[in-house]
Structures are given as C-alpha cells and as structure tokens.
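Working notes, structure below.
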Amino acid sequence: MKLRKPIFLLRSLLLSGMAVLTACGRNDTATLEGELDYMIRNKRLFDEKKEERIDGFRRMLCMTRLTPEQEYAINDSLSEVFYKYRLDSAIRYGERNLELARRLGDRERCASAAIRLARFYSSRGACIEARQLLDSIRRELPPGFLELYYRTYIFFYDCYGVFSGSSRPTNNRAVYRDSLRRHLGIPANTSETREQAEQRLLNQLTQIPPGTPDYAMIANSLGSHYRANGDDWLAKKYYTLSAIADIQNATKENDAILSLAKVYFDHKDYSRAYKYTQSALEDALCSNMQFRIVRMTELASIIIASHQDKEAKTKVKLQHYLILISVLSAVLILLFVFVYKQVRKLSRVRKELSGTNAELARLNIELNEINEQLSDANAVKVQYIARFFDLCSMYIDKMDNYRKSLKKLAQERQPDELYRRLKSTSMLENEQEELFRNFDEIFLNLYPTFIEEFNELLVESERITPKSGDLLNKELRIYALIRLGITDSVRIASFLRCSLSTVYNYRTRMRNRAAASREDFEKKVMKIGGIHRNDA
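Reading the sequence shown from the start, the letters are residues -23 to -1, 1 to 513 in mature numbering (1 follows the signal peptide of the UniProt record, and there is no 0).
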C-alpha cells in the first residue's frame, strides 16, 4: 500500500505535465498559423525585396569591361538567387556560365556549372539534358566534386521518378545513395535511431539563424521526421516554421507548405489545407518548377475537390439558413408592421383622448364662463325689468299729471292756454330725448363695447364718434336696434321718430363704409357683444 501511493502520484504528475505540454504546443501552433497566414498575405513584399537583390546583380552585369571570371561569378550568384524563385531565369544564367567555363577551359568551373545546371534541368523536367550533362563530366570530374555529383544524381532520379511514374529510377537512386555513403565513409548497414535523428536535426536547427534557407530546409526535415513518427502537432510546428522561412526568402520551391496542407487535410481542416495548397500552386507556377507541380497536382486536386465539396455543403446549409432567416425576417417584418400599426393606433387614440380631454376641459371653462355670463345677464335682466317698470310707472305718472293739468285748464275755462299746450310739441320732444337717453344708457350697459366693436367693422377713416355729452347718435341707435333684433326699417323709423327713407339711407351708408363684405355687415353687427366660442 505504501508503494502504490507514490507510484499513483508520480503517474498523475506525468499525465498533468503531458497535458500542459500539449496545451502549450497547441497554443504555439495557433500563433504560428496566424504568422504564416500573415506571411502568405504579404508574399509580394518579400518578392519585391528579392527583386531588388536581383536588380543589384543585374546592374553589376551591365558594368563595362567585365572579365569572364567576374561575369561567371555574377551569373553564379544570379542563378543561385533565381533557383527556387524563377527556374527559367536560373537555367539561362546557368547555361551562360557553362559556356563561359568551357571557353575559359576551367575544369572546376565547368564541373560546378554543369552540376548546377543538371539540377535545374531535373527540376524543370528536362531529364534527358540533365543526364547528358552529368554523364559528360563524369570522367573529368575534379576532386572534391564527387559528393555534390552523387547528391545531384540522387535528386535527378527523384525528379525522374516523379515525371515517369515508374519504379526503376528508385533502384538507380539507391545505387547512388550507397555510393554517396561509401564516399562519406558511412557503413552500409549503419542507420540512425529515431531519437538520434531527432537530436541531430534539432542540434543543426539551433546552429542556423532563423529565417534563412538552411533553417527552412532543416525545419522541413524535422517536420517530416515527426510526421513519419505520428506526431502531427510537432510536424505542424516545424512545417510552419519552414514555410515562414521560405516565404521570407521568396523561395517558390517550398515543399514544407504542401506537406503542411497534407497534415491539415488529414485532420479534416479542408479550409486551411486548401489555402496552403493554393499558395504552393501559385509559387510552383510562378517558379515553373515542373518537378513540384507534378508532385502536388494529384494531392492538390484531392484537397481542392474536398474543399469544394465542403464549400458546396456549406453553401447548401447557408441557403437553407438563408431561406429560414428570410422567412423569419418576413415574419418579423409583418409583426413589426402589425405592432407599429397598433402603436400608431394606440398613439392616435391617446392623442384623440388627450385632445378630447383638453376640449372637454376647455368646454367646461367656456361653460363656466357662459354660466357666469348668463348669471350676469339674468341679474341685468332683473335690473332692467325693474327699471322698465320704473319708467313705465314714471310715464304713467307724467301722463296723469299732464291729464290733470289739462283738466284744470278746462275747469278754469282757459281755452287759449289749453289750446296752446295741446299745440306745443316741447313736452313730446323732451320725453323723446329722455327716452333716447334712457335707451342709450340701458343699451350700453348691456353692450359696453358696442361702439368699439362696431367701428372695427368699418373702414378706419369712416369710424363714428358720438358728440360730447351723447352716448349714441342716430346712426348708432339704428344699429343698436338691429343688434337687439329689430331689423324692420319701419319699426326702426317709428321708434326713432324719423322717416323711413332716413333709416334706409343710414343703413346703406353704413354698409358702404364696411371694411369687409357689405352683405355680411349687419350679420356681424348682430354678433357684437355676444358669447363667442374660441375654437381650437
């Protein structure tokens, strides 16, 4: 029991450590993915830097009085820069260098130019020309070029096997591989373990500056190592590092990004696999590296087909979602319209209710005012009814007194005085003046603003102002009677003790002075001093 507990704890710690390392590895991979995506989007910037370097070498070639050796050195640099960038240009400068080396009769330069050119031909698919070049220099190969010669032949058979699709080149490749091992002094049966190969590649990678072509090559080898041993997370990491370095160096013959696409394809990440395959195809077509184009064609077609199939399924799903969203949007729009109409209706009802309440409040105020005015009018009626009886009583007394005075004259047998009084109109005129004065006073008490409102109906230059001491004049009395509802000119003439033509003339004259319509003049007079409603 005491032994099992420490073993259990140790096992738990190991599992936790592995989980942490796995999580860290995944985070590193995610960060590198983002960096690689950025590099792919900005490949043009690195291509421009490489073009600037190439332009520098080209300007050097344009210098006058270059020796063949100097031209050879510049062409050698140009062919190296163009290789894995633009293969056709690399071949052109390689062919020029081979021509210069043969003209100079320099065996080493001839061997170097021929081996390099054979590698270029192999990459383009010109396998016959590549083999002829390699065979032509076999007998006159200078010391020190044998390792490079064997490696180039191995590369030639790799390319030949890809282009021909046969298994025979593989056997020939094994022959040259064994020759290379013997040349390097490596026993035929010697082989590295997985741990040794991993450690050797890691040691090499730490000794190379990041972002260089050699760093890209070693990182790609490490990615292939981990891929072969089933560790796809680390394979992704080193393939990504290699692909980033290739883009930084504008290397178009980049095997790492295609290998990375395979890993993502196996993990069902078709979108990223498609993106990296497209980038690899663009680079291969740009460089005209036929060897890479042939190698990636089959895989690219599978990845593109899978991506397109996924896109088609996604498109169908999106169409279904779009239809569903469209239906839901239509329903929402209908609901919105319905709710909007209801809100508008409710708002309108509320506004109408508010208006109705305001109107009711206003009508209540007006009703109260009218009630007050009616109360005042009733009080005035009571007052003027009493005054009317007083006047009637006073006139009766006056008539009785006048009768008594006449009776007395008759009894006293004074016919001349009696006749004189009966003939005199002074009493009638005095009573008429008294009647008019009482009428004016009563009327203006009933309608105190009559004169002002009547003048507002007239042209400003024709307005009427009573004489000093008078309340109303004859013109105003005519329209005062009209305001009281006496519109018959005969009655008006009888009341005012004047001729009918005088009334007609005054009425016509006033209508002609009207500021507005002549036909509506007397209707407006009828409304003077009335109870008016203030319509909203």
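Ideal Cβ placement from N, Cα and C applies to all residues, glycine included.
Since this is a predicted model, take the numbers as computed values, not measurements.
Taking a 10 Å sphere around the C-beta of Met194, we find 16 or more other C-beta atoms and assign the residue as buried. Residue nearest to Ala257 within the set Lys61, Arg454, Phe498 is Lys61 (criterion: CA-CA distance). Annotation: the continuous alpha helix (DSSP H) that includes Pro45 extends over 45 to 59.
Excluding its 5 nearest sequence neighbours in each direction, Arg490 has C-beta neighbours in its own chain below 8 Å: Leu435, Val436, Glu439, listed in chain order.
Here the alpha carbon of Glu10 sits roughly 36 Å from the alpha carbon of Ala95. Of the candidates Lys504, Arg325, Asp53, Met37, Lys504 places its Cα closest to the Cα of Leu458.
Contact between the stretch 21 to 36 and the stretch 44 to 58 is present: three or more C-beta pairs spanning the two stretches fall below 8 Å. Between Arg36 and Asp191, the alpha-carbon positions lie close to 27 Å from each other. The beta-carbon separation of Ser66 and Phe34, rounded to 11 Å, does not stay under the 8 Å limit for a contact.
Apart from sequence neighbours up to five positions away, the residues of its chain that approach Ser219 with a beta-carbon distance below 7 Å are Ala193, Ala196, Asn197, Gly200, Ala233, ordered along the chain.
DSSP places Ala491 within a strand segment (E or B) once states are collapsed to three. Where Lys213 is concerned, the enclosing alpha helix (DSSP H) starts and stops at 209 to 225. The criterion of a C-beta distance shorter than 8 Å is not satisfied by Leu461 and Glu418.
Boundaries for Met40: no alpha helix (DSSP H) harbours it, and the DSSP string shows neither H nor E there.
Residue pairing from DSSP places Leu435 in a beta bridge opposite Ala491. Taking 8 Å as the cut-off, the beta carbon of Tyr424 is found no closer than this to the beta carbon of Glu452. The Cβ neighbour count for Cys39, taken over all protein chains shown within 10 Å, is under 16; the residue is labelled exposed. With distances taken between CA atoms, Gln225 lies nearest to Leu22 out of Leu22, Arg486, Arg474, Ile455.
A straight line joining the alpha-carbon of Ile463 with that of Asn450 spans about 17 Å. By the CB criterion at 8 Å, Ile131 and Tyr98 fall outside the cutoff. In the structure shown, Asp246 adopts coil according to DSSP, grouped into three states.
DSSP places Leu118 outside any alpha helix (DSSP H), giving it a letter other than H or E. The alpha helix (DSSP H) runs lying completely inside the stretch 311 to 339 and spanning 4 residues or more number zero.
Here Asn149 is actually not in contact with Tyr126; their C-beta atoms are around 14 Å apart, not less than 8 Å. Burial check for Lys322: the Cβ neighbour count within 10 Å stays below 16, so the residue is exposed. By the Cβ neighbour-count rule, Gly102 is buried, with 16 or more other Cβ atoms within 10 Å of its own. In the structure shown, Asp497 falls within a coil segment according to DSSP collapsed to helix, strand and coil. In the structure shown, the three-state DSSP call for Tyr192 is helix.
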